[in-house]
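Colleague: Residue numbers (the numbering used here): 54 to 466.
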Ligand SMILES: Cc1cc2nc3c(=O)[nH]c(=O)nc-3n(C[C@H](O)[C@H](O)[C@H](O)COP(=O)(O)OP(=O)(O)OC[C@H]3O[C@@H](n4cnc5c(N)ncnc54)[C@H](O)[C@@H]3O)c2cc1C
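(1) In angstroms, rounded to a whole number, what distance separates the CA positions of residue 316 and residue 181?
(2) Looking at C-beta atoms only, is the number of pairs between the region 116-135 and the region 81-99 that lie closer than 8 Å three or more?
(3) Ligand 1 and residue 430: does the residue's C-beta get closer than 7 Å to at least one heavy atom of that ligand?
(4) Three-state secondary structure (DSSP) at residue 381?
(5) Opposite residue 151 in the DSSP bridges: which residues?
(6) Looking at the structure shown, is residue 335 part of a helix, part of a strand, or coil, going by DSSP?
(7) Can you say whether residue 115 is buried or exposed, counting buried as having 16 or more other CB atoms within 10 angstroms of its CB?
(8) Let's see if you can read the secondary structure: which residues bound the beta strand (DSSP E) around residue 313?
(9) Would you say residue 260 touches ligand 1, meaning its beta carbon is less than 7 Å from a heavy atom?
(10) So what does residue 355 bridge to, in DSSP terms?
(11) What's the gap between the Cα of residue 242 and the Cα of residue 60?
(12) With DSSP run on the structure shown, which of helix, strand or coil describes residue 244?
(13) Report buried or exposed for residue 93, applying the criterion of at least 16 other Cβ atoms within 10 angstroms of its Cβ.
(14) If you follow the beta strand (DSSP E) that residue 98 is in, where does it begin and where does it stop?
(15) If residue 460 sits next to residue 413, beta carbons under 8 Å apart, how far is it from one beta carbon to the other, in whole angstroms?
(16) Answer yes or no: the CB of residue 154 versus the heavy atoms of ligand 1, is any distance below 7 Å?
(17) Pick out the complete beta strand (DSSP E) segments inside the region 424-453, 3 residues or longer, and give them in chain order.
(18) To which residues of the same chain is residue 265 closer than 8 Å at the C-beta, ignoring the five residues directly before and after it?
(19) By how many angstroms is the C-alpha of residue 403 removed from the C-alpha of residue 305?
(20) In whole angstroms, what is the alpha-carbon distance linking residue 256 and residue 301?
(21) In three-state DSSP terms, what is residue 457?
(22) Which residues in the same chain have their Cβ closer than 6 Å to the Cβ of residue 63, if we skip the five residues on either side of it in sequence?
(23) Mapping DSSP to helix, strand and coil, what is residue 469?
(24) If you measure between the beta carbons of residue 292 and residue 280, is that distance less than 8 Å?
(25) I want to check one thing, is the minimum distance from the CB of residue 325 to the heavy atoms of ligand 1 below 7 Å?
(26) Quick one: what's residue 298 bridged to in DSSP?
(27) Between 328, 120, 80, 240, which lies nearest to residue 397 when the distance is taken from Cα to Cα?
(28) Taking the straight line between their C-alpha atoms, what separation do you get for residue 375 and residue 245?
(29) Determine the burial state of residue 84: buried for a count of at least 16 other Cβ atoms within 10 Å of its Cβ, exposed for fewer.
(30) Whether or not the region 162-171 and the region 110-127 are in contact is what I'm after, with contact meaning three or more pairs of Cβ atoms, one per stretch, closer than 8 Å; do they touch?
(31) Kindly indicate the opening and closing residues of the alpha helix (DSSP H) around residue 172.
(32) Which of the three DSSP states, helix, strand or coil, is assigned to residue 272?
(33) Run through DSSP, which three-state label would residue 405 get?
(34) Quick one: is residue 431 buried, meaning 16 or more other Cβ sit within 10 Å of its Cβ, or exposed?
(35) How long is the line joining the alpha carbons of residue 330 and residue 296, rounded to whole angstroms?
Below you can see the structure in the form of structure tokens.
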């Protein structure tokens, strides 16, 4: 029986593990915390099939400084960290072109478009089926000019087959009374979906993986190690050299792959959520609040508001400012909702400077596969990424263009 070890038990790692297990591999997953210990726990739960516009649009360099100075804007930086991210920022900002946005959109659409079907296939027979559902996903614009500024990106989505309706705010109240008269325009995207509790979903998948004979080990991988059998890893001072190794350690991946000579312009895009626990009312659809760059999602027993981008690395704890900003904005949007308490969370989105995930083999190291870097859409694209990795490890070809995701792009720099 072929053997594979998967480092990281987030959305990508768990999906890879389950598809390889189904293909007859003996699979071990190692995680420092346990399943859904990272970003996959606290995201907004949206299966965002049409979220194919990256953060790095041409507007970002024009607006970034003003946004950083404005306490009510959704972009934050922990200033002492700034010097450490200069090489990343230089590369990140270089990608803020219309040409790159179009390249990114065309590259990502095959990975995201069928997300609901991919999650349904992953969950089938595991007990996690009920977490997955198809739902529309709204983008709410408070002001007409904000919608008009985004119009070209909606045109691009339409060209690439994303279906949506543009609804004026007062009409949207008939669909979702909680958001009546909140927005000038709502773009409601069809064939999207939702995971009703991302953390529990992944833990349920992981539990089934273990019940089917998979091995789950808790431990912190300190580095990757070249051995006579290929690439191995070190955990608890023990070097392990499996037949195949998959690295799906999310935002923590950059430093691990450095040990094997890959230098990736990559950062954590820190994000936050707050939850209104046991709310008196819930919205019908998940809604991206375009001005605040956060999503309000009805989850089981909670309303979660998740988003914000903060640069500040992996080590610093929560910053109270983005949490307060989310609280203020949610209060203004949902003034009549009462709830038991508010919980908050900080998570780390894995973000390469070109926003494209790395999926595939490390060049020259044949037993090591990478699956990380899905930034804002890793819940959406993670199920399919795991399936693709499983196919590639079995030596099969996949029916989407994998060139944009090839890790080799970083060996040429
Ligand atoms: C606020 C917020 C909202 C979001 N909303 C959405 C959304 O609505 N839809 C969407 O599609 N995406 C969303 N995302 C993005 C999505 O959550 C991520 O892209 C996705 O979870 C990444 O999955 P992953 O498996 O790559 O990484 P992770 O889930 O972070 O998993 C990595 C795992 O690796 C483990 N690990 C790391 N280093 C080590 C080590 N050295 N040793 C052992 N284990 C290690 C960690 O413990 C972790 O469990 C959001 C993210 C945030 C922060």
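Beta carbons: idealized from backbone N, C-alpha and C, even for Gly. Computed from a predicted structure; not experimentally measured.
Modeller: So, from the listed chains and residues:
(1) Within the chain shown, the letter at position 263 stands for residue 316. Within the chain shown, the letter at position 128 stands for residue 181. The C-alpha of residue 181 is placed about 37 Å away from the C-alpha of residue 316.
(2) With a cut-off of 8 Å, the region 81-99 and the region 116-135 do not count as touching, because too few Cβ pairs lie within range.
(3) Against the chain shown, residue 430 aligns to sequence position 377. At least one heavy atom of ligand 1 is nearer than 7 Å to the Cβ of residue 430, so yes.
(4) By one-based count along the chain shown, residue 381 stands at place 328. Three-state result, residue 381: helix.
(5) Position 98 of the chain shown, counted from the first residue, corresponds to residue 151. Per the DSSP secondary-structure output, residue 151 pairs with nothing in a beta bridge.
(6) The residue given as residue 335 occupies position 282 in the chain shown. Annotated three-state conformation of residue 335 is coil, per DSSP.
(7) One-based indexing of the chain shown puts residue 115 at position 62. Looking at its Cβ environment, which holds fewer than 16 other Cβ atoms inside 10 Å, residue 115 is exposed.
(8) Working through the chain shown from its first residue, we reach residue 313 at position 260. Here residue 313 belongs to no beta strand (DSSP E), and DSSP marks it neither H nor E.
(9) The residue labelled residue 260 in the question sits at position 207 within the chain shown. Not one heavy atom of ligand 1 falls within 7 Å of the beta-carbon of residue 260.
(10) Residue 355 sits at position 302 when you count from the first residue of the chain shown. By DSSP's assignment, residue 355 forms a beta bridge with 330, 352.
(11) Position 189 of the chain shown holds residue 242. Position 7 of the chain shown holds residue 60. About 34 Å.
(12) Taking the chain shown and counting its residues from 1, one reaches residue 244 at position 191. The answer is strand: DSSP assigns residue 244 an E or B state.
(13) The sequence position of residue 93 within the chain shown is 40, counting from 1. A buried status is given to residue 93, since no fewer than 16 other beta-carbon atoms sit within 10 Å of its beta-carbon.
(14) Locating residue 98 in the chain shown gives position 45, counting from the first residue. Boundaries for residue 98: no beta strand (DSSP E) harbours it, and the DSSP string shows neither H nor E there.
(15) Residue 460 sits at position 407 when you count from the first residue of the chain shown. Residue 413 sits at position 360 when you count from the first residue of the chain shown. Their Cβ separation, rounded to whole angstroms, is 6 Å, which keeps residue 460 and residue 413 in contact under 8 Å.
(16) Against the chain shown, residue 154 aligns to sequence position 101. Taking non-hydrogen atoms of ligand 1 into account, the C-beta of residue 154 is found less than 7 Å away from none of them.
(17) Listed in chain order, nothing qualifies, since the region 424-453 has no complete beta strand (DSSP E) run of 3 or more residues.
(18) Numbered from 1 along the chain shown, position 212 holds the residue referred to as residue 265. Contacts found: 74.
(19) Looking up residue 305 in the chain shown gives position 252. Looking up residue 403 in the chain shown gives position 350. Between the C-alpha atoms of residue 305 and residue 403 there is a straight-line separation of about 8 Å.
(20) Walking along the chain shown from the start, residue 256 turns up at place 203. Walking along the chain shown from the start, residue 301 turns up at place 248. Between the alpha carbons of residue 256 and residue 301 lies a gap of roughly 16 Å.
(21) Position 404 of the chain shown holds residue 457. Residue state, collapsed to three classes: helix.
(22) Residue 63 sits at position 10 when you count from the first residue of the chain shown. Non-local C-beta neighbours of residue 63 in its own chain, meaning closer than 6 Å and more than five positions away in sequence, comprise 91, 93, 303, ordered along the chain.
(23) Given a span of 54 to 466 for the chain in the structure shown, any question on residue 469 remains unanswerable.
(24) Sequence index remark: in the chain shown, residue 292 carries index 239 (1-based). Sequence index remark: in the chain shown, residue 280 carries index 227 (1-based). Against a cut-off of 8 Å, the Cβ pair of residue 280 and residue 292 comes out as a contact.
(25) Locating residue 325 in the chain shown gives position 272, counting from the first residue. For ligand 1, at least one heavy atom lies less than 7 Å from the Cβ of residue 325.
(26) For the purposes of this step, residue 298 is taken as the residue at position 245 of the chain shown. Bridge partners of residue 298: 58, 421.
(27) For this step, residue 397 is matched to residue 344 along the chain shown. Residue 328 holds the alpha-carbon nearest to the alpha-carbon of residue 397 among 328, 120, 80, 240.
(28) The sequence position of residue 375 within the chain shown is 322, counting from 1. The sequence position of residue 245 within the chain shown is 192, counting from 1. Using only the alpha carbons, I get a separation of about 27 Å.
(29) Counting from 1 along the chain shown, the entry for residue 84 is found at position 31. Flag for residue 84 reads buried.
(30) Contact between the region 110-127 and the region 162-171 is absent, because fewer than three Cβ pairs lie under 8 Å.
(31) For the purposes of this step, residue 172 is identified with residue 119 of the chain shown, where counting begins at 1. Note, residue 172: alpha helix (DSSP H), 168-176.
(32) Within the chain shown, numbered from 1, the residue matching residue 272 stands at position 219. Three-state result, residue 272: coil.
(33) Counting from one through the chain shown, the residue named residue 405 turns up at place 352. If DSSP states are grouped into helix, strand and coil, residue 405 belongs with the strands.
(34) The residue labelled residue 431 in the question sits at position 378 within the chain shown. Buried.
(35) Counted from its first residue, the chain shown places residue 330 at position 277. Counted from its first residue, the chain shown places residue 296 at position 243. When rounded, the distance between both Cα atoms is 45 Å.
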